[in-house]
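Here the structure comes first, spelled out in C-alpha cells, and everything after it is commentary.
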Amino acid sequence: MTNESTSEQESIFEAADEATKEQTERQHRAASDVRQSASLAAATLRNAVGKDWQQPAAGLNWTCWETVEHIADDLFAYAAQLSSPDPASGAETYVPFAWQHHRPDGPALTVFVKDHDKPDDLINVLLSSAGLLSAVVLTAPADRLAYHPYGDSDPAGFAAMGVVETLVHMHDVARALDVPWAPPEDLCDRALRRLFRDAPATGSRWSALLSATGRGEHRQEKWRWDGTPQR
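Under the UniProt record's numbering, the residue at position 23 of the sequence shown is numbered 23, and the numbers go up by one with no gaps.
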C-alpha cells in the first residue's frame, strides 16, 4: 500500500470519527434538553399545586391535568418507539401498547395517574417519562430510525419532539393556571432548528416556536414538524 493510499484511508477514518463524535454530542445535547424541559415544567407545576387542574387548558378541550398526562404519555411513547427491537422494520405504526380515553373529549393515554387529586404524583410521572426518553436517546444507536406519522425519525429527532410537546403544552397549562412560563431561548432554538427548519432565524425563539405550533400572536393555522434526520 502506498503512502498516498494510507493517507487517504486515514482521512476517511478521521472524517468518520468526526461525524460519529458530532452525532454523539448531538444525542447528549438532545437528551439533556429533554431533562431540562421536564425539570422546568415540574418547577412551574409545583407553583400551581393549589390551583384547579381540572379546568380546561388554554386552547384545548383537555383539562390541565389531562394535558400534563398527555405530555408524559408522548415522552413515554417516543422512548418506546426508539426502544423497539426492530424499529426500522417498515411497520407504519406505534408500538402497540394499550391506550384509552378516560372521557370522550379527553386525550388517548397509555400513561396516566390513578388519583386525580395528587398533583405531586402527576409531576413525578412527567419526570419519570422524561427520564425514560432521555436515557433511550442517550443510548440508542445514532442511525436508529423509528416510525412517526410526520416521518421516521432518529434519537435526536424524537428528543426534539419531546421538548416541543413539553414546552408548548406547558404554555397551554400555564396560561390556564395563571403561572409564568417562558422557557430558555437556547432550548427553544435547538427545537426549532431540528423540527421547524423553515422558521424565522431571528427574533424571539420562544415566540417563533409558539407560532410554528399554532399558538401565540402570529400563529400558523396549519402546521406540522419535520422529524426526518438532519443531513
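Glycine included, C-beta positions come from ideal geometry on N, C-alpha and C.
Exercise for the section: Reducing DSSP to helix, strand and coil, say where Arg224 ends up. Expected result: coil
Practice task
Please classify Asp152: is it buried, with 16 or more other beta-carbons within 10 angstroms of its beta-carbon, or exposed?
Solution key: buried
Practice task
Put His101 into one of helix, strand or coil per three-state DSSP.
Solution key: strand
Practice task
Grab me the residues of Glu185's own chain with a C-beta within less than 8 Å of its C-beta, minus the 5 sequence neighbours each way, in chain order.
Solution key: Ser204, Arg205, Trp206
Practice task
May I have the straight-line CA-CA distance separating Thr63 from Lys21, to the nearest angstrom?
Solution key: 43 Å
Problem - Own chain, CB closer than 8 Å to Thr44, minus 5 neighbours either side, in chain order - result: Met170, Ala174, Val179, Pro180, Trp181
Handout entry: Residue burial classification, Pro155 (beta-carbon count within 10 angstroms, cutoff 16)
Key = buried
Problem - Unbroken alpha helix (DSSP H) run spanning Ser207, endpoints - result: 205-212
Handout entry: Residues bridged to Leu109 [DSSP beta-bridge criterion]
Key = Gln100
Problem - Range of the contiguous alpha helix (DSSP H) that encloses Asp121 - result: 119-139
Exercise for the section: Could you please give the first and the last residue of the uninterrupted alpha helix (DSSP H) stretch that includes Glu66? Expected result: 64-83
Practice task
Would you kindly check if the distance between the Cβ of Leu187 and the Cβ of Ser37 is under 8 Å?
Solution key: yes
Exercise for the section: Express the C-alpha separation of Tyr147 and Gln81 in angstroms, rounding to a whole number. Expected result: 7 Å
Problem - In DSSP terms, what Ala146 is bridged to - result: Ser153
Handout entry: Backbone CA spacing between Asp189 and Lys222 [nearest angstrom]
Key = 21 Å
Handout entry: Cβ-based burial, Ala79 [other Cβ within 10 Å; buried from 16]
Key = buried
Handout entry: Where the alpha helix (DSSP H) containing Ala191 begins and where it ends
Key = 185-195
Problem - Cα-Cα separation between Asn124 and Thr202, rounded to whole angstroms - result: 35 Å
Handout entry: CA-to-CA distance, Ala31 to Asp105, given in whole angstroms
Key = 32 Å
Problem - Closest Cα partner of Gly59 within the set Val168, Arg194, Leu192, Phe76 - result: Val168
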